[in-house]
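J.: Residue numbers (numbering that gives the first Met the number 0): 0 to 882. Glycine is no exception: its CB is placed at the ideal position from the N, C-alpha and C atoms. Just so it is clear, the structure is predicted and the values come from calculations on it, not from any experiment.
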Amino acid sequence: MQQKRPAAVAAGQDPVQATLSDLRARMQARRSEAIQAWRVHLRPDTLLAALRRIADGTLRSLLKTLPLPAGACVAAVGGYGRGELYPGSDLDILILLEHAPDAGDRARIEALVAALWDIGLEPGLSVRTLDQCRHEAAADITVQTSLLEARWLAGGRALFQRFREQMRLDLDPQDFYLAKRTEMQQRHARHQDTPYALEPNCKESPGGLRDLQVLLWLARAAGLGTNWTAVARTDLLTSAEFRALRRAELAFKRLRIELHLLAGRREDRLLFDLQLRLAQVYGFVDQPHRRASELLMQRYYWAARVVCQVNRLLMLTLEERLFPRPQDDSIALDEDFCIRRRRLALVHEDAFERKPGLLLKVFLVTQQHPELQGMAAGTLRAMWHARHRIDRAFRDDPANRGLFLEILRQPRGIVHALRDMTMWNILPRYLPAFRRIVGQMQHDLFHAYTVDQHILMVIRNLRRFTMPEHAQEYPLASQLIADLDEHWLLYVAALFHDIAKGRGGDHSQLGAAEVRRFARRHGLSREASDLLEFLVREHLTLSQVAQKRDLSDPRVIHEFAARVGSRRRLAALYLLTVADIRGTSPKVWNTWKGKLLENLYHQTLAALGGEQPDTRTILALRKEAAAAEVRRMGLRDDSREAFWSQLDVAYFLRHDANEIAWHTRHLYHCFQGPDPVVRARVLGQGEALQIMAYAPDRPDLFMDICTYFDRHGLSIQDARIHTTRQGWALDSFIVLLPEHSRDHRSYATLIEHELRAALADSRASAREAPAPHQGSRRSRAFPIMPSVTLQPDEQGGNWRLSVTAADRVGLLHDLAQVFARHDVSLKMAKIMTLGDRVEDIFILDGPGLEHPRSQMQFERQVLEALGVAAPSSLSFSSPPQSQ
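#1: Could you work out which residue in Ala188, Arg339 and Ala757 is closest to Val699 when comparing CA atoms only?
#2: How is the alpha helix (DSSP H) around Gly123 delimited, first residue to last?
#3: Three or more beta-carbon pairs under 8 Å between the stretch 836-852 and the stretch 811-824, yes or no?
#4: Thinking C-beta only, is Ser731 closer than 9 Å to Ile783?
#5: Between which two residues does the beta strand (DSSP E) harbouring Pro695 extend?
#6: Which residue marks the beginning of the beta strand (DSSP E) containing Glu838, and which one marks its end?
#7: Considering Cα atoms alone, identify which of Arg408, Ala262, Ala137 and Asp505 is closest to Val491.
#8: For my contact list, Pro695 and Trp727 are in at a C-beta cut-off of 8 Å; report their separation, rounded to the angstrom.
#9: Consult DSSP for Ser786 and reduce its assignment to one of helix, strand or coil.
#10: Just tell me which of Gly412, Met422, Met296 and Arg515 has its CA closest to the CA of Gln441.
#11: Rounded to whole angstroms, what is the Cα-Cα separation between Asp130 and Ala416?
#12: Within this structure, are the beta carbons of Leu90 and Ile256 separated by less than 9 Å?
#13: Measuring CA to CA, which of Leu170, Leu825 and Ala157 is closest to Glu891?
#14: For Asp104, count neighbouring Cβ atoms within 10 angstroms of its own Cβ and tell me buried if that reaches 16, exposed if not.
#15: Can you give me the C-alpha to C-alpha distance between Gly503 and Arg289, rounded to a whole angstrom?
#16: Take Phe283 and list the residues in its own chain whose beta-carbon comes closer than 7 Å to its own, dropping the five residues that flank it on each side.
#17: Using alpha carbons as the reference points, say which of Ala815, Gly866, Pro851 and His850 lies closest to Ile842.
#18: Who are the Cβ neighbours of Arg264 in its own chain at under 6 Å, not counting the five residues just before and after it?
#19: Runs of 4 residues minimum, wholly inside the stretch 472-498: which ones carry the alpha helix (DSSP H) assignment?
#20: With respect to the beta strand (DSSP E) encompassing Asp717, which residues constitute its N-terminal and C-terminal limits?
#21: Write down the C-beta distance between Asp335 and Val346 rounded to the nearest angstrom, noting that I regard them as a contact closer than 8 Å.
#22: How many angstroms separate the CA atom of Glu472 from the CA atom of Gly412?
#23: With distances taken between CB atoms, is the gap from Asp822 to Pro851 smaller than 9 Å?
#24: Report the start-end ranges of each beta strand (DSSP E) in the stretch 626-695 that is 3 residues or longer and not cut off at the edges.
#25: Where does Trp798 sit, in a helix, a strand or coil, going by DSSP?
#26: To the nearest angstrom, report how far apart Arg42 and Arg253 are at their CA atoms.
#27: How many Å lie between Leu357 and Cys337 at the Cα?
#28: Judging by CA-CA distance, which residue of Glu405, His743 and Leu208 is the nearest neighbour of Asn310?
#29: Which full runs of the beta strand (DSSP E) of 3+ residues lie inside the stretch 587-612, going along the chain?
#30: Taking its Cβ as the centre, do 16 or more other Cβ atoms sit within 10 Å of Pro785, making it buried, or is it exposed?
#31: Note down, in chain order, each residue of its chain lying with its Cβ closer than 8 Å to the Cβ of Pro287, except the 5 sequence neighbours on either side.
#32: I'd like to know whether the C-beta atoms of Pro172 and Leu321 end up nearer to each other than 9 Å.
#33: Starting from Trp301 and walking both ways along the alpha helix (DSSP H), at which residues does that stretch end?
#34: Roughly how many angstroms separate the alpha carbons of Leu313 and Asp390, rounded to a whole number?
#35: Just checking my contact of Thr614 with Pro675 at CB under 8 Å: how many whole Å lie between their CB atoms?
#36: When we look at the beta-carbon of Asn226 and count the other beta-carbons within 10 Å, is it buried (16 or more) or exposed?
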């Protein structure tokens with residue numbers, strides 16, 4: 000029967016191009032049909048197999064028009080060789096040759112590759128001889144793994160069979176296991192060793208599809224089967240484990256399919272904007288206190304945890320099978336536990352079923368034996384199957400409560416124990432409140448971890464305070480925790496400080512109620528219970544006071560001291576606060592923030608010790624200390640006093656003695672002008688710069704300085720604005736360098752030169768607004784509603800403006816424009832940057848704030864500067880709690 004010619008040929012088009020057009024059209028039509036069918040059945044394996052068959056058929060049809068070199072064959076490798084093709088995946092193809100290609104062979108292959116691109120198959124192509132395959136597989140475990148899954152498509156079958164047999168002979172199961180384990184560890188490290196990233200990669204992250212594929216590759220190498228059904232027939236998996244594994248695998252396959260379809264390309268990351276769209280696809284809806292995307296991600300993390308569990312369990316099982324040891328190497332510890340292969344093993348396989356309390360004791364024993372390399376596969380398997388034994392009766396058993404407290408009191412292994420208890424679902428079952436926040440997302444623009452992982456990170460930080468090797472990094476914290484009796488209570492406080500997130504309401508108050516119940520159920524003393532409740536309830540307070548209040552005001556210090564009440568509480572709260580902030584995100588902590596917390600600690604400690612100095616005493620002490628430092632610099636008293644006579648009391652109260660001496664050293668001889676002065680110095684361990692700007696005051700001066708900082712990517716952390724009696728502005732700033740910049744001294748020199756020139760130049764070019772900036776991807780996907788609060792300052796005569804918004808370049812410049820427009824003077828700014836969010840405090844005065852009507856106009860324009868159209872209903876909400 001004569002084959003019908005493509006319509007394009009009849010119209011006079013080149014026959015090859017006509018064939019390609021026809022193949023492309025047919026392939027696209029069949030792919031569309033397969034995806035439409037997917038929307039009905041939602042069976043991942045069915046869609047992946049259908050897309051694979053479409054690609055197979057298209058490729059074989061193409062080879063009829065563009066044949067291979069003589070004797071060659073084409074094989075599918077990688078995931079395509081495994082029989083799976085995702086909507087956005089490349090076509091991984093091996094062209095296997097009998098001999099090195101000549102010019103004609105290369106021309107044929109190039110034509111084939113070009114045709115594959117033309118019809119939309121996007122090949123990932125390799126061309127090798129059999130010897131080249133052997134050589135590259137021996138040198139690269141990734142190549143060996145890809146070739147391990149080769150599947151014949153077309154061409155010489157005999158050559159392909161020789162290739163398969165040679166790959167099998169070259170494969171050493173033990174070497175392959177060790178190489179794949181190392182490769183997996185390196186991959187996990189690239190993804191921060193956690194499945195709980197806020198934008199995880201569903202293929203490559205720990206707990207993703209790749210972790211399951213590693214197990215299948217190892218099973219294949221060990222001769223245990225090429226698919227999960229075959230592996231399940233062995234004794235590697237129980238039926239329950241197989242069901243859990245398959246549910247997780249199908250969930251991840253569907254997720255990857257949906258990601259590719261939503262993105263229109265290969266995209267394996269759950270990016271924030273895709274999370275919102277995925278939640279709609281899966282049918283999740285917003286709840287009163289949780290977004291639909293948070294529900295989606297919590298399901299993801301639960302599935303990822305199952306994959307992590309199965310991966311760890313089978314990796315250990317395969318290791319024991321591939322590297323057997325004598326059965327008599329067991330060392331008894333007690334009637335329940337022994338050491339086997341340097342891992343903790345059970346004497347009886349049903350130990351957890353007979354004695355459920357061992358589900359906690361197993362972690363305690365591991366802590367008490369540092370020579371152990373973890374738990375044996377049989378121990379983990381038995382624990383995973385017995386986890387349901389942790390019920391109300393288990394939690395009410397005084398012996399089990401004692402075991403849990405004993406785990407927290409151990410001198411080592413606490414963080415590792417709690418992480419494993421979370422991974423194997425022991426901690427979430429023992430503390431039902433903790434179960435609710437496992438995998439709970441935090442879209443506050445500054446947390447980098449889920450709630451449960453943040454909590455474990457805080458406990459890790461607290462543990463580091465106790466370790467000598469970290470004493471140099473945390474000198475004050477290391478000293479305080481060494482002097483704090485029962486410091487293990489801090490671990491309990493950390494467990495509960497965010498445990499009520501996601502419920503709505505004040506999570507600090509709700510968490511305090513939870514920890515009070517915990518203390519009562521576990522028989523803790525009244526003193527310990529009160530301390531825990533205080534720490535959980537007030538865990539945000541020290542940070543808020545240090546970063547938002549004026550620490551030069553004695554009333555602020557004494558109010559905080561009265562709230563704390565004792566030195567022990569102060570030390571414990573300081574330790575928890577530092578651990579909490581440092582466990583939030585690498586972007587949130589900096590040396591300046593640490594200095595603020597430490598200053599507040601020392602000032603409060605003095606107040607708790609009975610010091611009640613008034614403003615006059617503080618002023619005298621500060622001047623005396625500054626004068627002594629100036630004398631050490633060689634400056635005469637009359638020169639110093641001539642400069643100080645231009646400054647009022649507020650200046651000396653808002654700057655410490657070291658800052659006053661620094662200003663005096665550089666300004667005593669030129670405080671009458673005529674030129675601006677700019678000086679910069681490095682603070683702390685080189686994480687911040689302090690900048691002093693001295694120039695004739697004018698309404699737009701602060702805006703000009705902010706513009707300069709924005710252009711250079713400098714993030715203002717603190718600003719203190721002062722005007723001398725001669726009308727010169729003496730402004731001090733703490734700024735952070737752009738991310739990844741470390742050369743503070745070079746920046747200091749540059750700023751001194753450029754900013755001085757900018758302040759001396761009154762032309763409009765010096766005040767051009769910074770380029771617009773869209774903000775981070777996260778802030779765009781999960782925007783926060785800006786809020787503005789304006790109220791009289793405690794000191795009277797001034798106003799306190801509180802602003803909360805998503806951070807962006809030019810934000811302070813835009814606010815400064817509003818201040819200048821309303822003839823408002825800035826006295827002090829406390830800039831708190833929390834990842835992608837800012838919570839700023841400005842102390843203001845000026846005639847523009849004297850009347851209610853002008854106040855309303857001012858607030859509306861501040862909201863507009865924050866990016867809100869400013870209907871009246873949006874203004875004046877209280878800033879949210881934060882770290």
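T.: If we stick to the structure as given:
#1: Along the sequence shown, one-based indexing puts residue 699 at 700. Note on residue identity: the sequence assigns Asp, not Val, to residue 699. Out of Ala188, Arg339 and Ala757, the CA that lies nearest to the CA of Asp699 is found in Ala757.
#2: What you label residue 123 is simply residue 124 of the sequence shown in a count that begins at 1. Counting along the chain, Gly123 falls outside any alpha helix (DSSP H), though it belongs to the beta strand (DSSP E) covering Pro122 to Thr128.
#3: yes
#4: For this step, residue 783 is matched to residue 784 along the sequence shown. For this step, residue 731 is matched to residue 732 along the sequence shown. No, the Cβ-Cβ distance between Ile783 and Ser731 is not below 9 Å.
#5: The count along the sequence shown starts at 1 and reaches residue 695 at position 696. Here the beta strand (DSSP E) through Pro695 covers Ala687 to Pro695.
#6: For the purposes of this step, residue 838 is identified with residue 839 of the sequence shown, where counting begins at 1. It spans Arg836 to Asp844 - the beta strand (DSSP E) in which Glu838 sits, taken as one unbroken run.
#7: In the sequence shown, residue 491 corresponds to position 492, counting from 1. The option with the nearest alpha carbon to Val491 is Arg408.
#8: Locating residue 695 in the sequence shown gives position 696, where the first residue counts as 1. Locating residue 727 in the sequence shown gives position 728, where the first residue counts as 1. Between Trp727 and Pro695 the Cβ distance is about 6 Å, and since that is below 8 Å, they are a contact.
#9: To locate residue 786, count along the sequence shown from 1; it is residue 787. The answer is strand: DSSP assigns Ser786 an E or B state.
#10: Along the sequence shown, read from residue 1 onward, the residue named residue 441 stands at position 442. Comparing Cα positions, the closest option is Met296.
#11: By 1-based counting over the sequence shown, the position of residue 130 is 131. By 1-based counting over the sequence shown, the position of residue 416 is 417. Taking C-alpha positions only, Asp130 is separated from Ala416 by approximately 49 Å.
#12: On the sequence shown, position 91 is the one that residue 90 refers to. On the sequence shown, position 257 is the one that residue 256 refers to. No, the Cβ-Cβ distance between Leu90 and Ile256 is not below 9 Å.
#13: Since the first and last residues shown for the chain are 0 and 882, residue 891 lies out of range.
#14: On the sequence shown, residue 104 is found 105 positions in, with the first residue counted as 1. Buried.
#15: As a position in the sequence shown, residue 503 is number 504, starting the count at 1. As a position in the sequence shown, residue 289 is number 290, starting the count at 1. Going from the Cα of Gly503 to the Cα of Arg289 covers about 9 Å.
#16: Here residue 283 corresponds to residue number 284 of the sequence shown, with the count starting at 1. Counting only Cβ-Cβ distances below 7 Å, and skipping sequence neighbours, we find Ala291, Leu294 and Leu295.
#17: Your numbering for residue 842 matches position 843 in the sequence shown. The residue with the shortest Cα to Cα distance from Ile842 is Ala815.
#18: Locating residue 264 in the sequence shown gives position 265, counting from the first residue. Answer for Arg264: Gly87, listed in chain order.
#19: 474-482 and 488-496
#20: The count along the sequence shown starts at 1 and reaches residue 717 at position 718. Note, Asp717: beta strand (DSSP E), Ser714 to Thr722.
#21: The sequence position of residue 335 within the sequence shown is 336, counting from 1. The sequence position of residue 346 within the sequence shown is 347, counting from 1. Right, the Cβ-Cβ distance comes to about 6 Å (below 8 Å), so this counts as a contact.
#22: Taking the first residue of the sequence shown as position 1, residue 472 is located at position 473. Taking the first residue of the sequence shown as position 1, residue 412 is located at position 413. When rounded, the distance between both Cα atoms is 21 Å.
#23: Within the sequence shown, residue 822 is the residue found at index 823, counting from 1. Within the sequence shown, residue 851 is the residue found at index 852, counting from 1. Contact flag unset, no.
#24: 676-682 and 687-695
#25: Taking the first residue of the sequence shown as 1, we reach residue 798 at position 799. Here Trp798 sits in strand by DSSP.
#26: Translated into positions along the sequence shown, residue 42 becomes position 43. Translated into positions along the sequence shown, residue 253 becomes position 254. Their Cα atoms are separated by approximately 8 Å.
#27: Indexing the sequence shown from 1 puts residue 357 at position 358. Indexing the sequence shown from 1 puts residue 337 at position 338. Straight-line Cα distance between these residues: approximately 13 Å.
#28: On the sequence shown, position 311 is the one that residue 310 refers to. Ranking the options by Cα distance to Asn310, first place goes to Leu208.
#29: none
#30: Your numbering for residue 785 matches position 786 in the sequence shown. Label assigned to Pro785: buried.
#31: Sequence index remark: in the sequence shown, residue 287 carries index 288 (1-based). Closer than 8 Å at Cβ, skipping near neighbours: Gly503.
#32: Within the sequence shown, the letter at position 173 stands for residue 172. Within the sequence shown, the letter at position 322 stands for residue 321. Yes, the Cβ-Cβ distance between Pro172 and Leu321 is below 9 Å.
#33: Sequence index remark: in the sequence shown, residue 301 carries index 302 (1-based). Counting along the chain, the alpha helix (DSSP H) containing Trp301 begins and ends at Ala291 to Leu321.
#34: Along the sequence shown, read from residue 1 onward, the residue named residue 313 stands at position 314. Along the sequence shown, read from residue 1 onward, the residue named residue 390 stands at position 391. So the two alpha carbons sit approximately 27 Å from each other.
#35: As a working mapping, residue 614 is identified with position 615 in the sequence shown. As a working mapping, residue 675 is identified with position 676 in the sequence shown. Between Pro675 and Thr614 the Cβ distance is about 31 Å, and since that is not below 8 Å, they are no contact.
#36: By 1-based counting over the sequence shown, the position of residue 226 is 227. Asn226 is exposed by the Cβ-count criterion.
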